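Every position in the sequence shown, counted from 1, becomes a number in this note's numbering once 4 is added.
Before any comments, here is the structure.
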Amino acid sequence: MPFATARSRTLAVCAALVVALLAVAAFAPLPISIVVPGLTADVLGSDHGKPVITVTGTPTRDTSGQLRMTTIAATNPDAVVRLGDVLKAWFATDQAAMPRDAVYPTGGSVKEIEKHNQAEMTESQDAATTAALSHLGLSPSKVKVGLHLADVGGPSAGLMFSLGIIDKINGNGRGGDLTGGRRIAGTGTITPDGEVGAVGGVPLKEQAARRDGATVFLVPKGECSDAKAELPKGLRLVPVTTLDGAIDALKALGSGGRVPSC
5 MPFATARSRT LAVCAALVVA LLAVAAFAPL PISIVVPGLT ADVLGSDHGK
55 PVITVTGTPT RDTSGQLRMT TIAATNPDAV VRLGDVLKAW FATDQAAMPR
105 DAVYPTGGSV KEIEKHNQAE MTESQDAATT AALSHLGLSP SKVKVGLHLA
155 DVGGPSAGLM FSLGIIDKIN GNGRGGDLTG GRRIAGTGTI TPDGEVGAVG
205 GVPLKEQAAR RDGATVFLVP KGECSDAKAE LPKGLRLVPV TTLDGAIDAL
255 KALGSGGRVP SC
């Protein structure tokens, strides 16, 4: 049975190669980050003993309710992630495996990545301030806004910063709170002219928002599909494309008017 013997040997060699490759894949580091729901922070409140938003040059008001920016937390950019970690995240509802370059900029050290993320946060805060003051018809040369939020980087808090500034200064424009006293969370980048952009990681941010008591979640409209896929019970989605639209939606929530939905 020389043919059968040769065939058996070939199959054995192939099987051994497959096992070897699987073993290498199981233990080899992968260019993947494991991501989980991160912290949330009320931009109308304080962080490490300091108000998140300070305004000078125009009167401000006391607020009730909360506007919570949301984050995801990822394994460090230099962390070793293996196949077993990815498989675990695949089957978990509170984890996700994402390409590392979708979470962190490529080609930099940990310190350089931290510096990049902080620069993005600073740029986002400047855009949020410009958008908010423009909405209110206030001059940035007369009104100064300070934004303080430690240990958070990236641009995804822009929308919530703008809403917080507006609530601090003008509320809903009729003497009430923009939040209507609710605990509202959300995510989205912001441009100086008030356009809201997509951010990624929305399902995990929804989990963080609901965990911290939010009942309403503002989401960039283009990410509605992802947001609906794993929506936590008790959390209402409100899609937005602009700062003005987000404000109108919050006012409608407070007055019982028509609120957009995903």
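All residues carry an ideal CB built from backbone N, CA and C; glycine is no exception.
As the structure is a prediction and not an experimental result, all values here were calculated from the model.
In this structure Val200 is in contact with Leu163, their Cβ atoms being roughly 5 Å apart against a cut-off of 8 Å. Linking Arg65 to Ile173 through their CA atoms gives a straight-line distance of about 6 Å. By the neighbour-count criterion, in which 16 or more other beta carbons inside 10 Å mark a residue as buried, Lys148 falls on the exposed side.
In this structure, the beta-carbon distance from Thr74 to Ala212 falls below 7 Å. For Lys54, the closest alpha carbon among the candidates Lys115, Ala154, Pro109, Glu118 is that of Ala154.
In the DSSP assignment, Arg72 is bridged to Asp46, Ala189. If you look at Val220, you'll find it in the beta strand (DSSP E) that goes 220-224.
Rounded to the nearest whole angstrom, the C-alpha separation of Ala256 and Val263 is 6 Å.
Across the structure, Lys115 and Val40 are spaced so that their CA atoms are roughly 22 Å apart. Contact between Leu182 and Arg214 is absent: CB atoms are separated by about 21 Å, not below the 8 Å threshold. Three or more beta-carbon pairs separated by less than 8 Å are not found between the stretch 80-94 and the stretch 187-201, which leaves the two stretches without contact. Annotated three-state conformation of Leu208 is helix, per DSSP. DSSP places Thr67 outside any beta strand (DSSP E), giving it a letter other than H or E. Separation of Gly258 and Leu34 (C-alpha to C-alpha, rounded to the nearest whole angstrom) is 47 Å.
In the displayed model, Thr195 falls within coil according to three-state DSSP, outside both helix and strand. Listed as beta-bridge partners of Thr133 by DSSP are no residues whatsoever.
In terms of CA proximity to Ser37, Lys92 leads the group Gly61, Thr44, Leu43, Lys92. According to DSSP, residue pairing for Thr58 in a beta bridge involves Gly150. Ser160 places its beta carbon 7 Å or farther from that of Val206.
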